[in-house]
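Counting along the sequence shown from 1, when you hit position 221 you're at 214 in the working numbering, and nothing is skipped either side.
Report on the following structure.
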Amino acid sequence: MLASSFEGAFFLWGQIERGRPLSEFRMWNIDAVTRWRWNLPGVDGFHRAMWWTPQHLMALTLALLVLLVMVRARRRNSVGAAILEGLMLGGIVALSSFNGVMLVAWYAVAQVIMLLIDRGRTLGAWLLARSVAAVIVIGFLGLTVVLGMVQMIPNAFLFGWNAYFLRGPWAFILLSFGPALFLAPFGIAHLFRASRELVIALAALVAVSTVAFLQLDLRGHENTQVTFRTAQILYICLVILLAHAIDAWRSRSKWVLATFLVLLCLGGAAAVPTVALDWYNARDISNIAMSPGNFPWTVHISPDDQAAVQWIQRFVSSEARMQTDAKPRDRYTWALIPAFARRRMGVGNGIFTLNPTRYKQGMDDVHDAFSTDTVEAAHAHFVGLGVDYVYVGDVERSVNGEHIQKFGQAPHRFERVYRHGSVEIFRVVRQSSLSGRPQGSVQASTALAIVKARERKQVD
């Protein structure tokens, strides 16, 4: 399952054929060669899911358990089975919303088909069981909405044929799905003999995933999120078929089984370079060059920034909002505050959210607040965004120059609560706090005194 792509082997072969150094793999996202070279759909292998998106992998694990209950439960329409299925589907919705939508749709389609094949003989029990599961899933969905885990964004979905796939369907299929693609078909006959319910469930899963892959996309994340999620589900289906192929060939002669296992090992070996090169790149923190995607491969946080975020974690309320100039920080370091300081921002570059272009106006407003000479205008911008603290680091200084000085010259609007090295942090003073300072500000001011005392001690 982990060696799921031939893209690494294809990259190495291409480098050798063109006489290019193999070391250039450090400048490539190896598991996205088809997307980077031809702009075909991308498939995130399960090894990458383990490193970067374990929540999606956990959702797929729960989906396999739902499949197991659907197929192997002694009484498929019992309330107990329905409760278990509902809890697991609800967990999928909470962990991975897009996977949740697809897998709930798959569950519904598969259950309806099973009912029709049974000619509705258990309609009453079926309705009760499916209603119980639906109520649980709706409860999980409502909880995620209330907690703000699911974003209700209008026009987030794009409908139409997957133009990226149509550019090179065969290259995408042959390179992206590894040895399972070629060996899984040998398990189809064994699957039909093993379980009618499993055939129905897998057929429904393939149908729902394929329709989503071919007809659906997310605005602002074209050719990424939908293809990642749907292709992973399709690969799981291939792996299940591959397991049946192994079982089928085990019942034959030892030579036939040995031949099959040799083919499986050779295919796995051809897919290993993808995992190996990705593993190296994931650990390589010495590569600070810019990628073809216009982002640095490695971002190093300066000692001043590290000291500042530690101070924030210690002295700033967890409910406070802190703001950097997210626009010039772009996708490089805009997430410094939420990722390292663990505090909210008024607005950021939400590149992994639905329709990230909706943050552009907010980032423009914040940049205007940093770059303006007018203290009152800057103050109004930050108050309007609900910002409690303004973070001024190297990026803010280099981009905005002398305009940054306004924060330190207007203590009635921006109170300096932290200064160390190249980083300053200012509290946004609101009218309600002009006469009385809130507890968080007292704590922050005390912390500033500590920082200043340390600086004097270092000078002495």
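In this text, a Cβ means the ideal position worked out from N, Cα and C, and glycines have one as well.
Bear in mind that the values here come from a model prediction, so they are computed numbers and not experimental data.
Here Thr137 really is in contact with Val143; their C-beta atoms are around 5 Å apart, less than 8 Å. In this structure, Asn22 sits away from Gly213, with a CB-CB distance that is not shorter than 8 Å. Of the other Cβ atoms in all chains shown, fewer than 16 fall within 10 Å of the Cβ of Gly73; this residue is therefore exposed. Secondary structure at Pro147: coil, using DSSP grouped into helix, strand and coil. Note on geometry: alpha-carbon atoms of Asn342 and Gly260 lie some 41 Å from one another.
Going by beta carbons, Glu389 and Ile397 fall inside the 8 Å limit.
Residue pairing of Val421 in beta bridges, as defined by DSSP: Phe407. Taking a cut-off of 8 Å on C-beta distances, the region 323 to 338 touches the region 301 to 310, as three or more cross pairs fall below it. Ser(-3) and Pro147 have their alpha carbons spaced roughly 35 Å apart. The closest CA to that of Trp6, considering only Pro266, Leu159, Ile76, Arg41, is found on Pro266. Residue environment analysis places Val292 among the exposed positions, since fewer than 16 neighbouring C-beta atoms fall within 10 angstroms of its C-beta. Put simply, the backbone Cα of Ser311 is about 47 Å away from that of Trp119. At a cut-off of 4 residues, the continuous stretches assigned as alpha helix (DSSP H) that sit fully inside the region 283 to 341 are 296 to 308, 319 to 326. With 16 or more other Cβ atoms inside 10 Å of its own Cβ, Ser202 counts as buried.
At the C-beta level, Leu50 and Ile229 stay beyond 8 Å of one another. Contact annotation: the region 270 to 288 touches the region 40 to 48, with at least three C-beta pairs closer than 8 Å. Here Phe152 carries a strand assignment [DSSP, helix/strand/coil].
One alpha carbon belongs to Asn70, the other to Gln104, and they sit about 10 Å apart.
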